[in-house]
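Here's the structure, in structure tokens; my notes come after.
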Amino acid sequence: MTRDTRFSALAADSRWQKAWESANCFATPDLAAEPSDRPKAYILEMFPYPSGRIHMGHVRNYAMGDVLARFKRMTGHDVLHPMGWDAFGMPAENAAMEKGVHPGAWTRENIASMRAQLKRLGLAIDWNREFATCDPDYYGPEQSLFIDLYKAGLVYRKESYVNWDPVDMTVLANEQVIDGRGWRSGALVEKKKLSQWFLKITDFAADLLDGLKGLDQWPEKVRLMQENWIGRSTGLEFSFKSVGGKPGFDVFTTRPDTLFGASFAAISPDHPLAEKLAKDSPDLAAFIAECRRQGTSAEQLETADKNGFNTGLTVEHPLDPNWHLPVWVVNYVLMDYGTGAVFGCPAHDQRDLDFARKYDLPVHRVIADGDEHHQVYHGDEAYTGPGRLVNSHFLDGMTIDEAKAAVIARAEHDGWGKGTTVWRLRDWGVSRQRYWGTPIPFIHCDSCGTIPVPKEQLPVVLPEDVDFSVPGNPLDRHPTWKHVDCPSCGGKALRETDTLDTFVDSSWYFLRFASAPADRPFDPDVIARWLPVDQYIGGIEHAILHLLYARFWTRALQHLGMIHVKEPFRSLFTQGMVTHETYSRAQGEGQPTLYFTPTEINRTADGATLLSDGSSIDVGRVIKMSKSKKNVVDPDAILDQYGADAARWFMLSDSPPERDLPWSEAGIEGAWRFAQRLWRVFSDTENVGDGSEDKALARTLHQSVAAIGAEIEALGFNKAVAKVYALVNAVEKAKPSATRAEACRALILLVAPMMPHLAEEAWAELPESQRTTALVADAQWPEVDPALLVDDEVTIAIQIGGKLRETFTFAKGADKADVEAAALAQPKIVEMLAGAQPKKVIVVPDRLVNIVV
RNA sequence: GCGGGCGUGGCGGAAUUGGUAGACGCGCUGGUUUUAGGUACCAGUAUCGUAAGAUGUGGGGGUUCGAGUCCCUUCGCCCGCACCA
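Residue 310 in this note's numbering is what sits at position 327 of the first sequence, and the numbering runs on without skipping anything.
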């Protein structure tokens, strides 16, 4: 006899979502007002950009965080699990330009529909704390923090060459330039000189690098990527004196040991000296122009020739004033690294060697690995390995490290150079010539200079009446907005019209979630209770940009004494993407390939056909879901058809969370069937039990509770899911008993983090006496009886010569000798040994016996 | 070029310190129920073999009583960075 054999997901979803909302279940405890001795858990998923619709990647990301947040609640934690919107950015302005809607209206509509979609997933989120970064209530405090950083000397303005995206008509940070193209528009980036706002992230370069060591709960990969991005190099910086009294220049090298191998000096085409010389030399000017045209994409660099222009200048070798080196302008020296100038040592640097061979410059060997000590170096491969110094006067015979130290010591003693560290990391340019961003709260006054907006005048709110009919910054051409009185002298002044890079918005939102007072950015005492974020979950694509900026911003605020944490995210998890096959049809020469959505396709075991006309379709690789390849599945359609629990379950099953998850129809159907099966187990009236005990099931149950909890804690959702299946299998096979009834109740709790609606429905059906709380969302995770975690019998394997021959069961923890005797007495073993005396018997307690013959 | 990761059935993937490879799911095969079925249930499913047995974690070699796991070597795929001095 069963009650209701079908679980009606759609009805259950909305019923329980309403129940949670009206019970205000997921409200964050106010730790400042009511101190708690419970452990805290700040669970955060990267907040979404409100593009319009959620996609499966969101579903996966938020399902994972939600399981953890619900589990933490069930295991007695004070949980903060918020949601908000990274709401500023270019797509809103693009929509404004294309469709004539206001970016704000477009964004708010998107937020409304995406919020509704997220709510359908049944997330245990404290929606009371929701905000969007485009709220003046959010960006006002951000402006205040920006001014604080300015006052602390961490914000400055500088005239500089910037990466200009000619399509988006805005400046890009170095981090946003990929292969010489804008990260968003894909347009070739141009160099342009502009006055820009910068954040002094380089002040924290060493600390940001050091801090990585302590982030032992971050993926190794992300730490390495940040390490490489920060890019620390140590070496010698020294000056080349020009021959003939002309100005010299500084160079940086990590290989001061090879200084006697120098055969030329090289400066970047963008070096001030090169530009100066170009004024008197049309040939050089032409060469520089040619260099600037050269692309910087991977393929272009691969094939790019080393080109140079001999300036005719010479410089003195710092260790031998009579040794003069020619000065070349070369295309492979970058202005924005080191000093924009190097000395060329062809024998021990591949680029210099390529260059020297092309222009027939000398190649002096100064490092030798063996007997080869000749001064002239042959071959086309520079030697960069270990060895000892040769042909290098006072350095001869030293190791590379000794020689480096000796040259630096000599340079410092004689005053022509010093040991130094250079960083690859640049200061963070945050100016954007856009409307839809946080206005930079500064005012330019002819008499007072550039001064911050007084804090009592914050927030500087974006004007609503803006015109997107022409490219460029609408703030700049707004008729009145920028015209203000100088807060200092009262005279006519101009408001800054640049807005902040949206990565600034996401650099402190996790603080605002924890504490959002009306009169300041956050309350330090509350921050101290919640931060750091205990588990941060998001995509690997933020490994550098967002995660580095957030680490910097947190440090900067700590430096100002405003908060007491340095690292915002204690544990980071980067989840894999949701992928799907592609369906396409080639259209012949010169025509773009046609792609089809999964809903247009009939997929069979051996191929795919178009539903509309039955014609056959090419099945392509399983790749990340993307609109352009049309291999997307709409979450709303899935929720309509299968309900939130099946969708969540599928997102958590099978694939390890850090790996890509191939979406499949069979997979979601399997999840749905499992929900139905669970429902049948829960509805089975035999659950009442007959009062008897089932020891074996009790063991399985308690072992499952322990294992599932441990797997959720470790974000091993796929493994937790497998253990749930195994437990359900065991419960189904078990005969009615008190234990079985207990197992069914526990099972509700075990699946509650993953399938919360089904769990609530089943919980509500339980007899009153078994329900400790009204909602399963508030219930306790089942207790584990440690005595039941260990079996009293174990299966022991018997190997002969390392090959498995037999297994038998034996008492757990038995004496080695007893186990050995029992193994040797097994009939099959007796037969196989045929009286032969084992040379040796290895007994691994409770595991196996290996007989060596 | 530099750095990192991954190779296990038809598929997604399990596998404490080296200790019974393939848990769990999908798919597939056969069967049983049911008002039709796309539901449910039972049995099976690494490969070869009727079986006994043999083989098997990308390839080759090594250490070991014992290797998916450790070492050497090699092949393939994926990701990140990249003329960084």
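Heads up, the beta-carbon is just placed ideally off N, CA and C, and yes, glycines get one too.
Only a predicted model underlies this, so the values are computations on that prediction, with no experimental measurement involved.
Look at residue i and residue j and say whether their C-beta atoms are less than 8 Å apart.
i, j, result
"lysine 495", "proline 504", "Here the sequence assigns arginine to residue 495, which means lysine is not the residue at that position. Their beta carbons are under 8 Å apart, which means arginine 495 touches proline 504 by this criterion."
"glutamate 789", "lysine 811", "yes"
"valine 316", "isoleucine 271", "no"
"tryptophan 3", "proline 33", "no"
"valine 349", "asparagine 374", "yes"
"phenylalanine 791", "glutamine 809", "yes"
"phenylalanine 243", "glycine 327", "no"
"aspartate 724", "glutamate 676", "Note on identity: in this sequence residue 724 is alanine, with aspartate being the wrong assignment. No. Outside cutoff."
"arginine 642", "glycine 559", "yes"
"threonine 557", "glycine 597", "no"
"valine 759", "alanine 735", "yes"
"proline 446", "glutamine 126", "no"
"methionine 66", "tryptophan -1", "no"
"tryptophan 311", "threonine 294", "yes"
"leucine 182", "aspartate 481", "no"
"leucine 771", "valine 711", "no"
"tyrosine 532", "arginine 407", "no"
"alanine 324", "alanine 365", "no"
"leucine 372", "alanine 388", "no"
Can you tell me whether residue i is buried or exposed? The criterion is at least 16 other CB atoms within 10 Å of its CB, across all chains shown.
i, result
"glutamine 820", "exposed"
"valine 234", "buried"
"arginine -11", "exposed"
"phenylalanine 187", "buried"
"valine 516", "buried"
"glutamate 282", "No answer about glutamate 282 holds up, because its pLDDT of 49 lies below 50 and its placement is not dependable."
"tyrosine 133", "buried"
"lysine 82", "exposed"
"alanine 16", "exposed"
"serine 280", "Residue confidence for serine 280 is low, a pLDDT of 46 falling below 50, so the modelled location carries little weight and cannot support an answer."
"tyrosine 566", "buried"
"leucine 207", "exposed"
"histidine 376", "exposed"
"valine 835", "exposed"
"glycine 353", "exposed"
"threonine 11", "buried"
"glutamate 744", "buried"
"arginine 43", "buried"
"arginine 830", "exposed"
"aspartate 19", "Residue 19 is actually serine in this sequence, not aspartate. By the neighbour-count rule (16 or more Cβ atoms within 10 Å), serine 19 is not buried but exposed."
Measure from the alpha carbon of residue i to the alpha carbon of each residue in the options, then state which is nearest.
i, options, result
"valine 615", "Phe579, Ala627, Ala46", "Phe579"
"glycine 473", "Ser490, Val436, Tyr492", "Val436"
"tyrosine 121", "Ile510, Asp263, Ala780, Leu441", "Leu441"
"valine 467", "Val150, Glu113, Cys428", "Cys428"
"arginine 682", "Val704, Val767, Leu741, Asp337", "Val767"
"isoleucine 842", "Glu748, Lys716, Lys718, Ala717", "Nothing can be reported for residue 842: it is not among the residues displayed for the chain, which extend from -16 to 836."
"proline 470", "Met80, Ala629, Glu439", "Glu439"
"proline 230", "Asn211, Thr236, Leu256", "Leu256"
"asparagine 314", "His361, Leu336, Glu273", "Glu273"
"lysine 610", "Ser554, Asp484, Ile37, Phe30", "Ile37"
"aspartate 617", "Leu741, Gly35, Ala709", "Gly35"
"isoleucine 584", "Ile600, Leu577, Thr576", "Ile600"
Going by DSSP, which residues form a beta bridge with residue i?
i, result
"alanine 299", "Residue 299 is actually glutamate in this sequence, not alanine. Answer by DSSP bridge pairing, in chain order: His307."
"asparagine 293", "Trp311"
"alanine 115", "Trp68"
"glutamate 803", "None, per the DSSP bridge assignment."
"valine 842", "Residue 842 is absent from the model: the chain starts at -16 and stops at 836."
"threonine 403", "Gly218"
"serine 554", "Gln200"
"phenylalanine 505", "Answer is none; phenylalanine 505 lacks a bridge partner."
"glutamate 789", "Ile781"
Between residue i and the ligand SAH, is there a pair consisting of the residue's CB and a ligand heavy atom that are separated by less than 7 Å?
i, result
"aspartate 61", "Annotation note on the ligand SAH: not contained in the displayed structure, which lists no ligands."
Exercise for review: Starting from the N-terminal side, write out each stretch of the alpha helix (DSSP H) that is 4 residues or longer and does not extend beyond the stretch 130 to 168.
Suggested key: none
Practice item. For the stretch 33 to 103, list the beta strand (DSSP E) runs that are entirely contained and at least 3 residues long, ordered along the chain. Key: 61 to 63
Point to revise | alpha helix (DSSP H) segments (min. 4 residues) lying fully within the stretch 192 to 241 | key: 203 to 213
Check your understanding: At which residue ranges does the stretch 304 to 378 contain complete beta strand (DSSP E) runs of 3 or more residues, listed in the order of the chain?
Key -> 324 to 327
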